[in-house]
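Undergrad: Can you keep this structure in mind? I'll have questions shortly.
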Amino acid sequence: MKFSRRDTLVLGAAASLAGLCGTGAALAQDAPEPKVDVAKLMKPAGNTDHPLGPANAKVTLIEYASPTCPHCALFATTVFEPLKQKYVDTGKMQFILRPFLRNTLDAVVFLLAEAAGPTKYYDVIATFFKTQDQWAASDKPKDAILAVAKQLGFTDDSFNVALTNQPLFDGMKALLDQATKEFGVTGTPTFFLNGQQMTGERSLDQFSAAIDPLLA
6 MKFSRRDTLV LGAAASLAGL CGTGAALAQD APEPKVDVAK LMKPAGNTDH
56 PLGPANAKVT LIEYASPTCP HCALFATTVF EPLKQKYVDT GKMQFILRPF
106 LRNTLDAVVF LLAEAAGPTK YYDVIATFFK TQDQWAASDK PKDAILAVAK
156 QLGFTDDSFN VALTNQPLFD GMKALLDQAT KEFGVTGTPT FFLNGQQMTG
206 ERSLDQFSAA IDPLLA
């Protein structure tokens with residue numbers, strides 16, 4: 006089964022996404038990257054953030070991510086958990102994941118995460134990253150995503166309701182517009198560490214090398 010305009014309101018605006026965001030996955034950059042004012046970064050356009058860790062932590066790491074991006078999936082499945090244990094769970098860092106929509110499937114995953122509620126938001130995102138190879142390239146994307154969603158407790162009805170949340174989708178588009186026009190985000194994953202942009206894949210050691218001096 007294919008997504009259709011009848012199935013979800015979000016597809017009505019899907020065609021506009023290509024003009025608002027980069028289409029390629031970002032790779033780590035060697036050249037110095039720009040720094041963005043932290044106060045501006047902490048005022049997201051559109052939807053509310055779902056931060057992990059204390060608001061008064063010395064370090065804040067923001068990730069702009071796309072669920073269909075393989076580089077984002079690599080971070081989510083190999084780096085995020087040890088990074089979280091080392092810095093977030095110990096109260097040293099706050100982590101914030103924000104959507105960067107490259108296509109309609111990205112929007113669907115984040116709509117489901119929002120519908121699951123704040124306590125399950127990251128679990129939903131993590132599950133879709135872990136199963137990315139099952140649904141991201143499927144010739145029946147709705148069926149493939151629904152199968153994963155049902156593992157997370159969604160029903161046919163709650164799945165369809167989640168995909169018709171037009172205000173939430175509009176909020177994600179506002180986040181995308183802000184990220185590209187104000188913060189210079191062109192691909193995924195893009196991180197901001199206390200405002201310093203870090204583009205592309207990073208290992209735990211590379212993150213630690215950047216974070217530890219900020220904690221000293």
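Reading the sequence shown from the start, the letters are residues 6 to 221 in our numbering.
Every residue, glycine too, gets a C-beta built ideally from N, C-alpha and C.
Is there contact between the segment 68-83 and the segment 157-177, where contact requires at least three CB pairs shorter than 8 angstroms?
TA: These segments do not touch.
Undergrad: In the DSSP output, what is residue 127 paired with across the bridge?
TA: Residue 127 pairs with nothing; no bridge assigned.
Undergrad: Name the one or two DSSP bridge partners that residue 222 has.
TA: No answer is possible for residue 222: the residues shown for the chain start at 6 and end at 221.
Undergrad: Does DSSP classify residue 102 as helix, strand or coil?
TA: It is a strand residue.
Undergrad: Kindly identify the DSSP beta-bridge partner or partners of residue 204.
TA: Answer is 195.
Undergrad: Please report the distance separating the alpha-carbon of residue 135 from that of residue 154.
TA: Rounded to whole angstroms, residue 135 to residue 154 spans 13 angstroms at the Cα level.
Undergrad: Measuring only the C-alpha atoms, how far is residue 202 from residue 183?
TA: Residue 202 and residue 183: Cα-Cα distance of roughly 15 angstroms.
Undergrad: Is DSSP giving residue 41 helix, strand or coil here?
TA: In the structure shown, residue 41 sits in coil (DSSP, three-state: anything other than H, G, I, E or B).
Undergrad: CA-CA distance, residue 174 and residue 116?
TA: Their backbone Cα atoms lie some 7 angstroms apart in a straight line.
Undergrad: Could you check the C-alpha separation between residue 122 and residue 167 for me, to the nearest Å?
TA: Going from the Cα of residue 122 to the Cα of residue 167 covers about 11 angstroms.
Undergrad: Cβ atoms of residue 130 and residue 140: under 7 angstroms apart, would you say?
TA: Taking 7 angstroms as the Cβ cut-off, residue 140 and residue 130 do not qualify as a contacting pair.
Undergrad: DSSP three-state label for residue 184, please.
TA: If DSSP states are grouped into helix, strand and coil, residue 184 belongs with the helices.
Undergrad: From the DSSP secondary-structure annotation, give me the bridge partner or partners of residue 65.
TA: Bridge partners of residue 65: 99.
Undergrad: What does the Cβ neighbour count give for residue 96, buried or exposed, with the cut at 16 atoms within 10 Å?
TA: Burial call: exposed.
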